[in-house]
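Numbering (the UniProt record's numbering), first residue to last: 1 to 134.
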Amino acid sequence: MEASSISNKLFEQLNFRGEKQKVISSNIANINTPAYKTKDLIFEDELNNNLDSTLKMKLTSSKHMSSLGTNLSNTNPKLVDVKGLEEQNDGNNVNLDTQMSEMSKNKILFDAIQSSIKRDSKLFRSVIESSAKN
């Protein structure tokens, strides 16, 4: 059972952030591996690519925007090599400062999503509890 219609999307993003953390950790672990190329997990680009083709909103007023909607079923993250980074003599292009920054950003987003899920669940629980009293 979902607490709200957005719950699935929040859980998808939470799973994505967990997987992204693994990719960042792998990059840091391979900082001294010759010829290792920095990897990234891309979700937002896939979402943006699908905005025009799959997301449609019902227009009930001439003032509504027409380019948004709700169908996000084809937005799987992709693991890609990051291009254009400066390489060391051994061919490795992992930058520790960049990866640590990405890890912090990912942690903040993970915590925000987790907080949203908790808030959504509390709201759902309070609705159930108040309806049970009647």
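Glycine residues also receive a C-beta, built at the ideal position from the N, C-alpha and C atoms.
Could you pull out every residue in the same chain whose Cβ sits closer than 6 angstroms to the Cβ of residue i, ignoring the five residues on either side in sequence?
i      : result
GLN13  : ILE113
LYS122 : none
GLN99  : ILE24, ASN27, ILE28
PHE43  : PHE16, PRO77
VAL82  : THR38, ASP40
MET103 : ILE24
ILE108 : none
Whose C-beta lies closer than 7 angstroms to the C-beta of residue i among residues of the same chain, with five residues either side of it excluded?
i      : result
VAL106 : Just to set this straight, residue 106 is Asn in the shown sequence, not Val. ARG17, LYS20, GLN21, ILE24.
GLY91  : PRO34, ALA35
Please classify residue i: does DSSP put it in a helix, a strand, or coil?
i      : result
ASP81  : strand
ILE31  : coil
GLU102 : helix
ILE117 : helix
VAL127 : helix
SER61  : coil
ILE6   : coil
GLU12  : helix
GLY18  : helix
Strictly by DSSP, which residues pair up with residue i?
i     : result
LEU41 : LEU79
So the candidates are the options; which of them puts its Cα closest to the Cα of residue i?
i     : options                     : result
SER7  : SER116, SER126, SER130      : SER116
LEU41 : ASN30, ASN76, MET100, VAL94 : ASN76
Tell me which same chain residues have a C-beta within less than 8 angstroms of the C-beta of residue i, skipping the five on either side of it?
i      : result
ASN95  : THR38, LEU85, GLU86
PHE110 : LEU14, ARG17, GLY18, GLN21
ASN32  : ASN92
LYS118 : none
Give me the Cβ distance between residue i and residue j, rounded to the nearest whole Å; I'm assuming they're in contact under 8 angstroms.
i     : j     : result
ASP97 : LEU10 : Their Cβ separation, rounded to whole angstroms, is 30 angstroms, which puts ASP97 and LEU10 out of contact at 8 angstroms.
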